[in-house]
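Chains as they are written, first to last, in this note's numbering: chain Z, 2 to 267; chain H, 100 to 388.
Notes follow the structure.
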Amino acid sequence: MKLRVYAIAYLIFLYAPIFLLPLFAFNQGTIIAFPLSGFTTEWFGELAKTKALHAAVQNSLFIALMTAVFSTLLGMCAARAGAMANFPGKRGIMGFVMLPLVLPEIIVAVSLLVILRQVLGVNLSNWTIIAAHVLICTPFCIAILNGAFQNLDPAMEEAALDLGESRWSAFRLVTLPLVMPGIISSMLIAFTISLDEFIIAFFLTGTNPTMPVYIWGLLRFPASLPVVMALGTLLVALSIILLTIAEILRRRGIAKAGGTDKGGFL
Amino acid sequence: MATRFSSEQKRTMGLLTAPFTYAILLLAVPLLAIVLFSFWTQDFMEVNTTFTLDNYREIAEKPIYFSLLQRSLFVSFCVTLVTVVLAYPVAYFVSFKVQPSRKSLWLFLITIPFWTSYLIRVFLWKVILGYNGVINSGLINLGIIEEPLTFILYNVNAVIITLAHAFAPFAILPIFVALEKIDRSLLEASQDLGESKLMTFLRVTLPLSMPGLVAAVLIVFIPTIGDYVTPELMGGAGGKLIANMIQVQFLQLNNAPLGAALAIVAMLSVTAISLFFVFLNRRWLRGRS
Chain Z
2 MKLRVYAIAY LIFLYAPIFL LPLFAFNQGT IIAFPLSGFT TEWFGELAKT
52 KALHAAVQNS LFIALMTAVF STLLGMCAAR AGAMANFPGK RGIMGFVMLP
102 LVLPEIIVAV SLLVILRQVL GVNLSNWTII AAHVLICTPF CIAILNGAFQ
152 NLDPAMEEAA LDLGESRWSA FRLVTLPLVM PGIISSMLIA FTISLDEFII
202 AFFLTGTNPT MPVYIWGLLR FPASLPVVMA LGTLLVALSI ILLTIAEILR
252 RRGIAKAGGT DKGGFL
Chain H
100 MATRFSSEQK RTMGLLTAPF TYAILLLAVP LLAIVLFSFW TQDFMEVNTT
150 FTLDNYREIA EKPIYFSLLQ RSLFVSFCVT LVTVVLAYPV AYFVSFKVQP
200 SRKSLWLFLI TIPFWTSYLI RVFLWKVILG YNGVINSGLI NLGIIEEPLT
250 FILYNVNAVI ITLAHAFAPF AILPIFVALE KIDRSLLEAS QDLGESKLMT
300 FLRVTLPLSM PGLVAAVLIV FIPTIGDYVT PELMGGAGGK LIANMIQVQF
350 LQLNNAPLGA ALAIVAMLSV TAISLFFVFL NRRWLRGRS
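Shown next, in the form of C-alpha cells:
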C-alpha cells in the first residue's frame, strides 16, 4: 500500500511540468509565473500567424517522416536478423548497432558535424539531421520490432515456402501483415523522437531551423514565452496521441504474433 | 570460407549488412574522425593537420576544463544516484504489486513524459523552481517560508533535479525487466526457510535484480554527461558543464579540434568510471556467492 502511494507520487512528479503547460498556455499574463490572470486563447492565435514557425514545423515534419521510414527499415532488417540463426559475431554487431542508445548525444552530434563539415565538406541541411536521427532512432525501432519478430512462429513462413511462394512473397504475404502493427508503432516512436530532438539538430541544422531549434531561439525572449507554452501544449497533445496509438499497435502486434506482452518500449 | 555458414546464417548476415554499414559509416567513422581531429589544431580559419598533443595539454593545464569536467561528473553521479534510488521502488511496485494485465499501462504512463517536448519540459522546471515559481509561491502561501528559496534555481541543484526528472524512465525500465525475470518461487523458498521479508529482499531480490540496476546506472550516467540544454537553462553562471564548453568550442569559438579533444576526454572519463563500477559490482556479486 505504501509502495502504491509512492508510485503514484512518483507519477505526479513525472507529470508535474506537463500539467503546468496548458495552465500558462491559456493564461492572459505575459509572465510565466503564478498567480494566473484570466483565460485567453490569444497565444494559440499568435501561433497561427507566425510564418517562421510554420516553416520550422514543416522542416521538422519532413525530417521526422523520413527518419521514421528509414530507421524503421533498418530496424526491421536488424530485428528480423535478431530472430534468425546465430553466427559468430552477431551479438557484437547487434550491440554496436544499439550503441547510440547509451552514447551521449553531444558525442554523436560533434562527430557527425566534424565528418560532414570538415572532412566531407557537405552543406548542412535537413538531410544531415535525418542522417543523424536515423542513427539514434534505429535502436529504439529495433527494441520495438524485436517484440514483433521474436514471437513469430517460423513455421508459418516455412509453410508458405513449402507451398511454392518465393522467399520475398512469403515474407510479404505472411510475415509482413503479422508484424505490421509493430512496424507502425516503430515508425510512430521514431517520428516522435525525431520531432522532439534538439541536441543533435542544433549542431547539424542548416539555414532552416527545425522546430526545437526554433523554440530554443524563442526561449531567450521573455515576450515570446506564452506562445512557446501554447506551442508546447499542442506538441504534448500530439505526442500523447501518437504514443497512445503506437502503444495500442505494439500490443496488438505482439498479440497477433502469438506472444505475451512483457511491457514497455525498451 | 563460404561453406562454413549455413544458408540461414548467410541470410542473417545479409539482413544485418544494412544497419551495420549504416552504423559504421555514421558512428564508427565519425568517432574516428573526432579522435583524429583532437590531435590537430585550429589555425585561424584552417585546420592544421600536424599531429600534436597541444589540445590535450591545454585541457590538462587550464584549470577551467578540469573543474568543468569535475562538476559534470559530480552532476552525472548525483543524477544517477537520485534517479536509480527513486526509480527502484517504482520498478519493484510495478513488477511485484501490479496485476500482470495492468503492467503495460503503468509502464506506458511512466514513459510518456519522457517522449514529450524535452526543451519545454526543462524550461518548465524553471517555472517550478524559480523565484516566483510554483514551489516558492506555494510555500509562501502556506506560510512555511517568508522569502523565496534561491538555492533551487540557477545552480547545480537545479541541474540535478531537472536531469533526474528527464532520465527517470530510463532508470525504471531496465530495473523492471530484471525484476520480472526473477523466479517468484525463490522468494517463497527464502521465506519458507525463515528469512524475514526484508532479508529476502536484501539476499534474494536485490542481488538478482543487480543486472538491471547496473544497466540503469550506465544508461543514466553515460548520456547525462552530454546534455547542454539543462545546464544552459537551469545552471546559471555557476552551473555550466563540460557539454556547454564542447558546444561553445564547436559552434561559437570555431575551435573544433579543442572541442573534439574535450569530447574525447569527457567520453573517456565516463567510460572509465562506468567500467570501474561494473568491475566493483562483479566483485561484489562474486564475493557473495
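Heads up, the beta-carbon is just placed ideally off N, CA and C, and yes, glycines get one too.
Closer than 7 Å, CB to CB, is residue i near chain H or not?
i, result
"L21/Z", "yes"
"Y287/Z", "Absent from the model: residue 287/Z. The displayed extent of chain Z is 2 to 267, so no value can be given."
"G218/Z", "no"
"R81/Z", "yes"
"P105/Z", "yes"
"D154/Z", "no"
"C78/Z", "yes"
"D197/Z", "yes"
"L325/Z", "A question about residue 325/Z goes unanswered here, because the residues of chain Z that appear run from 2 up to 267."
"A144/Z", "no"
"F88/Z", "yes"
"E47/Z", "no"
"G30/Z", "no"
"G233/Z", "yes"
"F141/Z", "no"
"M85/Z", "yes"
"I13/Z", "no"
Locate the alpha helix (DSSP H) running through residue i, then write down its first and last residues.
i, result
"N256/H", "255–280"
"Q348/H", "341–350"
"Q108/H", "106–122"
"M230/Z", "226–257"
"V319/H", "309–323"
"G229/H", "From DSSP, G229/H is part of no alpha helix (DSSP H); its letter is neither H nor E."
"Y16/Z", "3–26"
"T129/Z", "127–151"
"D291/H", "283–291"
"Q169/H", "162–191"
So residue i is in the beta strand (DSSP E); what residue range does that whole segment cover?
i, result
"D142/H", "140–142"
"E198/Z", "Element bounds for E198/Z: n/a, residue is neither H nor E."
"E145/H", "145–147"
Do residue i and residue j have their CB atoms nearer than 7 Å?
i, j, result
"A365/H", "V319/H", "no"
"V221/H", "L332/H", "yes"
"H134/Z", "T68/Z", "yes"
"I227/H", "P268/H", "no"
"G311/H", "I372/H", "no"
"S278/H", "T299/H", "Residue 278/H is actually Leu in this sequence, not Ser. Their beta carbons are not under 7 Å apart, which means L278/H does not touch T299/H by this criterion."
"E248/Z", "F207/H", "yes"
"R221/Z", "L114/H", "no"
"I324/H", "S175/H", "yes"
"L1/Z", "M77/Z", "Absent from the structure is residue 1/Z, since the part of chain Z shown begins at 2 and ends at 267."
"G254/Z", "G183/Z", "yes"
"A314/H", "V115/Z", "no"
"N154/H", "P356/H", "yes"
"A360/H", "S166/H", "no"
"F14/Z", "F27/Z", "no"
"T370/H", "F266/H", "no"
"G337/H", "P330/H", "no"
"V175/Z", "M157/Z", "yes"
"T73/Z", "S187/Z", "yes"
"F192/Z", "P213/Z", "no"
"F248/H", "L21/Z", "The identity of residue 248/H in the sequence shown is Leu, whereas the question assumes Phe. Contact flag unset, no."
"L136/Z", "L125/H", "yes"
"V303/H", "S284/H", "no"
For residue i, would you say it is in contact with chain Z, using Cβ-to-Cβ distances shorter than 7 Å as the test?
i, result
"R220/H", "yes"
"P310/H", "no"
"W139/H", "no"
"L130/H", "yes"
"V364/H", "no"
Subject >> Under 8 Å (Cβ pairs) to chain Z, residues found in the stretch 328–357 of chain H >> reply: V328, L332, A342, I345, Q346, F349, L350, A355
Original post:
Would you say the stretch 100–111 of chain Z touches the stretch 310–328 of chain H, given that touching needs at least three Cβ pairs under 8 Å?
Top reply: yes
**OP:** Please confirm if the stretch 215–232 of chain Z is in contact with the stretch 49–57 of chain Z, defined as three or more CB-CB distances below 8 Å between the two stretches.
**Re:** yes
Subject >> At least three beta-carbon pairs within less than 8 Å, the stretch 86–102 of chain Z to the stretch 163–172 of chain Z >> reply: no
Subject >> Selection of the stretch 107–119 of chain H by Cβ proximity to chain Z, strictly under 9 Å >> reply: E107, Q108, K109, R110, T111, M112, G113, L114, L115, T116, A117, P118, F119
Subject >> Inter-stretch contact at 8 Å, needing at least 3 Cβ pairs: the stretch 76–91 of chain Z / the stretch 335–355 of chain H >> reply: no
**OP:** Could you please tell me which residues of the stretch 313–325 of chain H, in chain order, have their CB closer than 7 Å to any CB of chain Z?
**Re:** L317, I318, I321, P322, I324, G325
**OP:** Determine contact between the stretch 251–261 of chain H and the stretch 101–110 of chain H, defined as no fewer than three beta-carbon pairs at a distance below 8 Å.
**Re:** no
Original post:
In the stretch 145–172 of chain H, which residues sit with their C-beta less than 9 Å from some C-beta in chain Z, listed in chain order?
Top reply: V146
Original post:
Taking Cβ-Cβ distances below 9 Å as the criterion, which residues of the stretch 120–131 of chain Z are in contact with chain H?
Top reply: Within the stretch 120–131 of chain Z, the qualifying residues are V120.
Subject >> Near-chain Z residues of the stretch 367–385 of chain H - C-beta to any C-beta below 8 Å >> reply: V369
Original post:
Does the stretch 2–14 of chain Z come close enough to the stretch 187–198 of chain H to have 3 or more Cβ pairs within less than 8 Å?
Top reply: Taking 8 Å as the limit for Cβ pairs, the verdict is that the stretch 187–198 of chain H does touch the stretch 2–14 of chain Z.
Original post:
Using Cβ-Cβ distances below 9 Å, what residues of the stretch 245–256 of chain H are close to chain Z?
Top reply: none
Original post:
Using a Cβ cut-off of 8 Å, which residues of the stretch 158–186 of chain Z contact any Cβ in chain H, in chain order?
Top reply: none
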